[in-house]
Amino acid sequence: MTDDARLPPLLKVLISADGTISNMLEAWFSEAVVAQVDQTTAPVSDHDLLMLDASPGDEVICRSTQIVGKSSSTTYLRATAVILADRVPAQTLACIEKHEAGIGKALRQARSETLREVLDWGVDEQSNEVWRCYRIVMTGQPVMLITEHFPIETYKSATASN
């Protein structure tokens, strides 16, 4: 899946992982990371709704976030999430809406059982980023579609120093 020789090894791990990326970033870069929510509304494409098996009238929440180093202010990734609010437990949704943590941490704090399905990934040559798209499933239904963008240069320099 991630055999692109141009990619730093850590990026190959991150885009194929089905776990919480924040924990991996904290371990690799030896610093806490925080989720900075940039916006909570954005247009939702028909494709995104199709990937979530959404029905007409489903309540949709959109969220754009950056995961940054607490000390260094380095942006490790940018993410957009499309969330079907009616399919997410209220406790989990409240944590996500309060912007207390990244979505992965919010799911863990709420002890939500999930399955993550990596759907696609690629390299955006123009922005020099790697992206991946994955879906989070709860109780057999897709509830979130998340697209993450990783700046390649951040990870190239990390490989050289670690």
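Using the numbering used here, read the sequence shown as starting at 140 and increasing by one per residue. Glycine residues also receive a C-beta, built at the ideal position from the N, C-alpha and C atoms.
With distances taken between CA atoms, Leu223 lies nearest to Glu198 out of Ile160, Glu252, Glu198, Thr159.
DSSP places Leu284 inside the beta strand (DSSP E), whose first and last residues are 280-290. The continuous alpha helix (DSSP H) containing Glu236 extends over residues 229-236. Under DSSP, Ile222 forms a beta bridge with Ile200, Met283. Relative to the Cα of Leu216, the nearest Cα in the group Gln280, Met283, Glu264, Val176 belongs to Val176. Fewer than three pairs of CB atoms, one per stretch, sit closer than 8 angstroms, so the region 177-186 makes no contact with the region 245-260. The alpha-carbon of Glu268 is positioned some 20 angstroms away from that of Glu165. Here Asp187 carries a helix assignment [DSSP, helix/strand/coil].
Ranked by Cα distance from Pro281, the first of Pro290, Glu252, Leu150 is Glu252.
In this model, Ala193 and Ala245 are separated by some 22 angstroms (Cα to Cα). A straight-line Cα-Cα distance of about 16 angstroms links Ala297 and Ala171. Between Asp157 and Leu284, the C-beta gap is not smaller than 8 angstroms, which leaves the two residues out of contact.
With at least 16 other beta carbons inside 10 angstroms of its own, Ala220 counts as buried.
With a cutoff of 8 angstroms on beta-carbon distance, Leu153 and Met163 are scored as near each other.
Listed in chain order, the alpha helix (DSSP H) elements of length 4 or more contained wholly in the region 148-178 are 148-155, 160-168. Distance from the Cα of Ser211 is smallest, within the candidate group Asp143, Arg255, Val173, for Val173.
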